[in-house]
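For reference, the structure is listed below as structure tokens.
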Amino acid sequence: MLDPNIVFYGFTPVPRDPDILFEGHPTASGDHPKQDEFNVSDFPLPDSPVVQEKELNEQTFNHSHRVYIYGVALVTTHFPEWNYDLETYYLACLLHDIGTAERYLATTKLSFEFKGAIVARDLILKVGGVEDQADSVCDAIVRHQDIFVKGYVSN
Numbered sequence: 001m002l003d004p005n006i007v008f009y010g011f012t013p014v015p016r017d018p019d020i021l022f023e024g025h026p027t028a029s030g031d032h033p034k035q036d037e038f039n040v041s042d043f044p045l046p047d048s049p050v051v052q053e054k055e056l057n058e059q060t061f062n063h064s065h066r067v068y069i070y071g072v073a074l075v076t077t078h079f080p081e082w083n084y085d086l087e088t089y090y091l092a093c094l095l096h097d098i099g100t101a102e103r104y105l106a107t108t109k110l111s112f113e114f115k116g117a118i119v120a121r122d123l124i125l126k127v128g129g130v131e132d133q134a135d136s137v138c139d140a141i142v143r144h145q146d147i148f149v150k151g152y153v154s155n
């Protein structure tokens with residue numbers, strides 16, 4: 001039996017290549033692809049204790065929220081059948097650039113993605129998040145700059 005946390009925390013593999021992901025998809029073809037309308041207010045921000053622990057400057061914090069809103073809008077309008085935990089996705093978005101915070105950037109020779117992934121995982125566990133959630137966020141942060149890579153990534 002499939003572990004329900006695999007789906008809930010976003011470990012279901014989806015193609016990384018948009019051409020494969022959208023191949024034959026009704027929202028990706030023709031001059032006027034089908035897309036449901038939405039309002040930004042349709043995507044409230046999850047309320048998580050980790051939000052209180054943010055260490056991002058205002059510009060990065062705002063960028064992280066835009067990433068969340070764009071991502072949820074894309075999934076809602078193109079892949080409504082996907083099941084995933086909005087809070088886990090929000091944490092991945094909120095913390096994906098935490099490694100760029102001066103506090104961490106100056107303490108390591110690791111790339112900001114790797115340092116940030118470690119920091120995010122530790123932070124989520126520290127405030128009571130479950131290990132599968134922390135691992136999912138960590139994995140997303142490590143991979144978030146891997147563009148033009150063939151294969152699959154967690155949804």
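Here full-length UniProt numbering is used: the first residue of the sequence shown is 1, the next is one more, and so on.
Glycine included, every Cβ here is placed at the ideal spot set by N, Cα and C.
Per DSSP, the continuous alpha helix (DSSP H) segment holding Pro-4 begins and ends at 4-8. For Ala-92, the enclosing alpha helix (DSSP H) has its first and last residue at 86-95.
Taking C-alpha positions only, Arg-16 is separated from Thr-77 by approximately 18 Å. For Val-142 and Glu-37, the gap between their C-alpha atoms comes out near 32 Å. Cβ-Cβ distances below 8 Å link His-25 to His-78 in the same chain, with the five nearest sequence neighbours on each side left out; the list follows chain order. Of all alpha-carbon atoms in Leu-74, Pro-4, Lys-126, Leu-123, the one lying nearest the alpha-carbon of Phe-22 is that of Leu-74. Cβ neighbours of Tyr-9 within its own chain (closer than 7 Å, five residues either side excluded): Asp-85, Thr-88, Asp-132, Gln-133, Ser-136.
For Gln-133, the uninterrupted alpha helix (DSSP H) run begins and ends at 131-143, by DSSP.
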